[in-house]
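First the structure, in the form of structure tokens, and then the observations on it.
Residue numbers (the numbering used here): 1 to 176.
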């Protein structure tokens, strides 16, 4: 059985991720070319090493310490999914909250964990007064299918910091 709960800064450390498998085999990605979205072959394996986990721990701790939300999904006490939303409003009207991460361990993908984590992120953002989530998302076809199933569409207003940091990401939004 999966248990969901809010994570606190003092429990976010590298050991938290010892049973989490980030690995994602990617073959096809969405690319915006000439103003149109197309699918292109772009095979690679997305995985995290020690440096990426160290960076992730710093980011998630910062999210909590600055008033944002980090939620986790646990099976038998092991973290198997997590989501983070920043407290700082985004957009010209401040109506977005930034969903900065949502990941499910490779061994439990396809079991609905991501859907529940996404819903928890939406609920938290709405309680903060946001109208929409902003997502700078991995462009893998499978990842985009998940976001479309969650009701996400291309963002009406792109966040420059995100597009400069990850030019191949898909910029999405989701009404709350």
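Idealized CB from N, CA, C, for every residue including glycine.
Is the beta carbon of residue i sitting closer than 8 Å to the one on residue j?
{"i": "residue 67", "j": "residue 50", "result": "no"}
{"i": "residue 127", "j": "residue 97", "result": "no"}
{"i": "residue 115", "j": "residue 71", "result": "no"}
{"i": "residue 22", "j": "residue 42", "result": "no"}
{"i": "residue 145", "j": "residue 24", "result": "no"}
{"i": "residue 134", "j": "residue 99", "result": "yes"}
{"i": "residue 130", "j": "residue 65", "result": "no"}
{"i": "residue 83", "j": "residue 60", "result": "no"}
{"i": "residue 171", "j": "residue 161", "result": "no"}
Determine the extent of the alpha helix (DSSP H) in which residue i is found, giving its start and end residues.
{"i": "residue 113", "result": "113-127"}
{"i": "residue 13", "result": "Neither: residue 13 is in no alpha helix (DSSP H) and is coded neither H nor E."}
{"i": "residue 50", "result": "50-65"}
In the structure shown, what three-state DSSP assignment does residue i receive?
{"i": "residue 200", "result": "This structure gives no information on residue 200, because the portion of the chain shown stretches from 1 to 176."}
{"i": "residue 145", "result": "helix"}
{"i": "residue 166", "result": "coil"}
{"i": "residue 7", "result": "coil"}
{"i": "residue 75", "result": "strand"}
{"i": "residue 140", "result": "strand"}
{"i": "residue 90", "result": "strand"}
{"i": "residue 160", "result": "helix"}
Sorted by chain position, which residues of the same chain lie with C-beta nearer than 8 Å to residue i's C-beta, five sequence neighbours on each side aside?
{"i": "residue 166", "result": "136"}
{"i": "residue 74", "result": "2, 3, 4, 5, 80"}
{"i": "residue 169", "result": "136, 137, 138, 139, 162, 163"}
Run through the DSSP bridge pairs and tell me what residue i is partnered with.
{"i": "residue 24", "result": "46"}
{"i": "residue 171", "result": "136"}
{"i": "residue 29", "result": "40, 140"}
{"i": "residue 81", "result": "73, 104"}
{"i": "residue 154", "result": "172"}
Over the uninterrupted beta strand (DSSP E) stretch that includes residue i, give me the two end residues.
{"i": "residue 103", "result": "96-104"}
For residue i, I'd like the list of residues in its chain whose CB is within less than 7 Å of its CB, leaving aside the five on either flank, ordered along the chain.
{"i": "residue 147", "result": "135, 137, 172"}
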